[in-house]
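A.B. asks: What follows is a structure written as structure tokens; I'll ask about it next.
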Amino acid sequence: MTSTVHTRDTVMLIATVAIGGVVAPVFAFVGVPLAAAGLAGLLWTGRNRSAAIAAGLAVATGAFAAPVYAVMLAPVFAALYFAIAQMKVRSALGMVAGLTLVVGVAALAADIARAWQAGTTLLLLRTEIVNDALALTAGNVMVDVEGVFGLGRPELVELLVALWPADYFTAAILTATAAVMTAGWAAARAGAEVKRLPGLAELDVSPHVLWAFIAGLMLLAANRVTGDAANWTFAAGLNLLIMVRLPLLAQGLGVAAALYRRIGVGRFGRVSGLGLLVVVEALIPVVSMLGLVDLFANFRKLPREDAPDDGARERQDPE
């Protein structure tokens, strides 16, 4: 009976990973975390060979559904396998960073391959996607999209196309975060003690994100000073600021979550309040700025590597 249950669980987990491989090319935010949960369930119950077979099967089934996306699936599933196997020794935030890089580059490579297969370029492909999205938005929501942004249609399309690096980064970091979360959950269900993502109130992003923020501001300033006709410096600076906004937003939400908990707000109130901070567009810059300030002020008094050791300082004080 035990052998039958073990076999059934193995087959179900392999099928979960394979389904994730089919879904990932279409909707990576669902497919990759689904596969991550299946792989973690296999790896952390000692079924390493089954996990390797599942990863290979996921790439094969995904490539069969959309052959060009084998370019994306192979590196992503290899990175997933390695990251999940290292969850006891690697930090969860470090895994998110690594997976974000792999998923973003793999998605970009897959789109370049798709554009080449269609006999076009990535720039033209993205221009077509943006035009279709604007037409769909204007048709379904009945909103004057150009009027909302204060730009003419050609200028708006040019701006949105220029933001393609930020698009890939946003999709990649959300996918990577969801994958690490589901893998941690599945590993814990399997009884493994692994390093999982911290709760929002304890989340503390790396201060190195400040370098991207500073670089973005410098590029925007350079565009103003030099009058870059091609606007490459403007596009690069704006992309960097949009990219860094997500980590800063998460940092700001962490401060808000800690505050809600400190003043005794219930679970429903915390979820509603945090959801409001994310949904209301006008509040996002405010929360992101709060996250930026927290990198310096450390409102929650979280332990940091560069923070002074108060105990050691007290021991060294003269009597």
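Each residue of the sequence shown is one higher than the one before, starting from 46 at the first, in this note's numbering.
Heads up, the beta-carbon is just placed ideally off N, CA and C, and yes, glycines get one too.
May I have a chain-ordered list of the alpha helix (DSSP H) segments no shorter than 4 residues that lie completely inside the segment 225-302?
C.D. replies: The segment 225-302 contains these whole alpha helix (DSSP H) runs: 254-271.
A.B. asks: Hey, would you say Gln162 sits closer than 8 Å to Val113, going by beta carbons?
C.D. replies: Position 117 of the sequence shown, counting from 1, holds the residue named residue 162. Position 68 of the sequence shown, counting from 1, holds the residue named residue 113. Result yes, Cβ atoms of Gln162 and Val113 sit closer than 8 Å.
A.B. asks: Would DSSP call Met187 helix, strand or coil?
C.D. replies: To locate residue 187, count along the sequence shown from 1; it is residue 142. Confidence at Met187 is low in this model, with a pLDDT of 46, below 50, so its placement is unreliable and the value that follows should be read with caution. Note: Met187 maps to coil in three-state DSSP.
A.B. asks: Alpha carbons only, please: which of Asn276, Ser317, Pro252 is nearest the one belonging to Arg350?
C.D. replies: For this step, residue 350 is matched to residue 305 along the sequence shown. Looking at the sequence itself, residue 350 is Glu, so the reference to Arg does not match. Measuring from the Cα of Glu350, the nearest candidate turns out to be Pro252.
A.B. asks: What's the gap between the Cα of Val324 and the Cα of Gly272?
C.D. replies: In the sequence shown, counting from the first residue as 1, residue 324 sits at position 279. In the sequence shown, counting from the first residue as 1, residue 272 sits at position 227. Looking at the two C-alpha atoms, the distance is approximately 35 Å.
A.B. asks: Assign Phe344 to one of three DSSP states: helix, strand, or coil.
C.D. replies: Position 299 of the sequence shown holds residue 344. Coil at Phe344, not helix or strand.
A.B. asks: Just list the alpha helix (DSSP H) runs in the segment 126-185, keeping only unbroken ones of 4 residues or longer that don't cross its boundaries, in chain order.
C.D. replies: Those alpha helix (DSSP H) runs which fall completely within the segment 126-185 and span 4+ residues are 137-162.
A.B. asks: Assign Glu200 to one of three DSSP states: helix, strand, or coil.
C.D. replies: Taking the first residue of the sequence shown as 1, we reach residue 200 at position 155. Here Glu200 sits in helix by DSSP.
A.B. asks: Using C-beta distances below 7 Å, list every residue in its chain close to Ala303, excluding the 5 sequence neighbours before and after it, in chain order.
C.D. replies: In the sequence shown, residue 303 corresponds to position 258, counting from 1. So the list reads Ala246, Arg345, once near-sequence residues are dropped.
A.B. asks: Just to confirm, is the Cβ distance from Ala151 to Val104 under 8 Å?
C.D. replies: Working through the sequence shown from its first residue, we reach residue 151 at position 106. Working through the sequence shown from its first residue, we reach residue 104 at position 59. Not a contact, by the Cβ cut-off of 8 Å.
A.B. asks: For the segment 135-149 against the segment 216-224, are there 3 or more C-beta pairs whose distance is under 8 Å?
C.D. replies: With the cut-off at 8 Å, the segment 135-149 and the segment 216-224 touch.
A.B. asks: List in chain order: all unbroken alpha helix (DSSP H) runs of 4+ residues lying wholly within the segment 54-102.
C.D. replies: With a minimum length of 4 residues, the continuous alpha helix (DSSP H) runs that stay inside the segment 54-102 are 73-88.
A.B. asks: According to the Cβ coordinates, are Leu294 and Gly336 closer than 8 Å?
C.D. replies: Within the sequence shown, residue 294 is the residue found at index 249, counting from 1. Within the sequence shown, residue 336 is the residue found at index 291, counting from 1. Yes, Cβ-Cβ distance for Leu294 and Gly336 is below 8 Å.
A.B. asks: For Ala301 versus Leu319, is the C-beta spacing smaller than 8 Å?
C.D. replies: Sequence index remark: in the sequence shown, residue 301 carries index 256 (1-based). Sequence index remark: in the sequence shown, residue 319 carries index 274 (1-based). Going by C-beta atoms, Ala301 is nearer than 8 Å to Leu319.
A.B. asks: At which residues does the alpha helix (DSSP H) containing Val323 begin and terminate?
C.D. replies: Numbered from 1 along the sequence shown, position 278 holds the residue referred to as residue 323. Val323 -> alpha helix (DSSP H) spans 312-324.
A.B. asks: Buried or exposed, going by whether 16 or more other CB atoms sit within 10 Å of the CB of Leu181?
C.D. replies: For this step, residue 181 is matched to residue 136 along the sequence shown. Counting Cβ neighbours within 10 Å, Leu181 comes out exposed, since fewer than 16 surround it.
A.B. asks: Whose CA, out of Pro70, Leu340, Gly311, Ala228, lies closest to the CA of Ala110?
C.D. replies: In the sequence shown, the residue the question calls residue 110 occupies position 65. Closest by alpha carbon: Pro70.
A.B. asks: Count Cβ pairs between the segment 49-59 and the segment 83-95 that sit closer than 8 Å; are there 3 or more?
C.D. replies: Result yes; three or more Cβ-Cβ pairs closer than 8 Å.
A.B. asks: Does the count of Cβ pairs from the segment 167-182 and the segment 129-142 closer than 8 Å reach three?
C.D. replies: Verdict: no, contact absent.
A.B. asks: Taking 8 Å as the limit between beta carbons, can you name the residues of its chain near Ser95, skipping five residues before and five after?
C.D. replies: Here residue 95 is taken as the residue at index 50 of the sequence shown, counted from 1. Excluding residues within five positions, the ones whose Cβ falls inside 8 Å are Thr55, Leu58, Ile59, Leu87.
A.B. asks: Taking 8 Å as the threshold (C-beta atoms), are Leu322 and Val332 in contact?
C.D. replies: Looking up residue 332 in the sequence shown gives position 287. Looking up residue 322 in the sequence shown gives position 277. Yes, they are a contact pair.
A.B. asks: Return the chain-ordered list of same chain residues with a C-beta closer than 7 Å to the C-beta of Ala207, the five sequence neighbours on each side being excluded.
C.D. replies: On the sequence shown, position 162 is the one that residue 207 refers to. So the qualifying residues of the chain are Ala280.
A.B. asks: State the Cα-Cα distance for the pair Leu298 and Thr52, rounded to the nearest angstrom.
C.D. replies: One-based indexing of the sequence shown puts residue 298 at position 253. One-based indexing of the sequence shown puts residue 52 at position 7. Roughly 43 Å between the two C-alpha positions.
A.B. asks: Rounded to whole angstroms, what is the Cα-Cα separation between Arg198 and Asp156?
C.D. replies: As a first step, residue 198 is located in the sequence shown; it is residue number 153 there, counting from the start. As a first step, residue 156 is located in the sequence shown; it is residue number 111 there, counting from the start. Looking at the two C-alpha atoms, the distance is approximately 24 Å.
A.B. asks: Is Leu118 closer than 8 Å to Gly66 when the C-beta atoms are compared?
C.D. replies: If you number the sequence shown from 1, residue 66 lands on position 21. If you number the sequence shown from 1, residue 118 lands on position 73. Yes. Within cutoff.
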